[in-house]
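Below is one structure; the comments refer to it alone.
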Amino acid sequence: MAEDDRPLESAPGTVFSYDNTGYVILGLIVEKASGQPLGDYLSGQIFAPLGMRHTGFVSDQVLAHRATGYVFESSAWRDTPWMSNVIESGAGGLYSTVDDLLRWDQALYDPKRLQLSDLKLMFTDYGHGFGFGYVVGSEGGHRVWWHNGHTGGFGGMLARYPDDRLTIIVLSNDDGAHVEGLSRDLAALLLNIPKPSH
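According to the numbering used here, the sequence shown is numbered sequentially starting from 2.
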């Protein structure tokens, strides 16, 4: 059976299933609408205006102070070979720093900085616990919007508790680091809520 002959897994609009392919397609739409590569668009519209000087797409360029990714295999730490499986895609391939991610997060409290009237659509739960790029939920009675990411040798988590003006950013160059659990443990400590079970 040819790939394009496979049946749909479900009728469109009936089931939610997270898939990075949607973000790849979204990145292509942005390129088509803007008439420029996604990296150039993001740099001009988001990174530069917000002062995110240490954020961009991973490429063959040498980055000063770039962390090396590691993975724990066969009872030993191993250097993860650099791989560029996702280059300038809406699905990932970005490098950044905690400071730059905090600049991004703080801009979300003032949509005008992003030339937007509001960001309600971004943080609305459409019936499956997901908005436009953020998981929408609550922990210990506190609203939380978050997203994580893992790729060869690296893991990251950004969680924002909007009513508390609390943002937790965890970045790791350990492929197996449980950044999600660490983020939730920090939130429990800072918000004085029960520590979640992992």
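Glycine included, every Cβ here is placed at the ideal spot set by N, Cα and C.
- The DSSP-derived three-state label of D80 is strand.
- For the pair G134 and K121, the Cα-to-Cα distance works out to about 12 Å.
- Taking every protein chain shown into account, the CB of L43 has 16 or more other CB atoms within 10 angstroms, so this residue is buried.
- Assignment of beta-bridge partners to Y71 by DSSP yields D80 and D175.
- Nearest in C-alpha terms to L192, of all of G156, G154, F17 and G141, is G141.
- The continuous alpha helix (DSSP H) containing A34 extends over residues T22 to S35.
- In the structure shown, E181 falls within a helical segment according to DSSP collapsed to helix, strand and coil.
- Fully enclosed alpha helix (DSSP H) runs of no fewer than 4 residues occupy 99 to 108 of the stretch 96 to 160, in order along the chain.
- Scanning D119, F58 and R104 for the CA closest to the CA of G52 turns up R104.
- Going by beta carbons, M158 and V137 fall outside the 8 Å limit.
- Relative to the Cα of H148, the nearest Cα in the group D176, A77, D175 and V180 belongs to V180.
- Close CB contacts of P112 within its chain, under the 6 Å cut and outside five residues either way in sequence, are with D119 and L120 (chain order).
- Bounds of any alpha helix (DSSP H) do not take in L9, whose DSSP letter is neither H nor E.
- Going by C-alpha positions, P13 is about 27 Å away from S35.
- Listed as beta-bridge partners of L167 by DSSP are Y162.
- Assignment of beta-bridge partners to G93 by DSSP yields S90.
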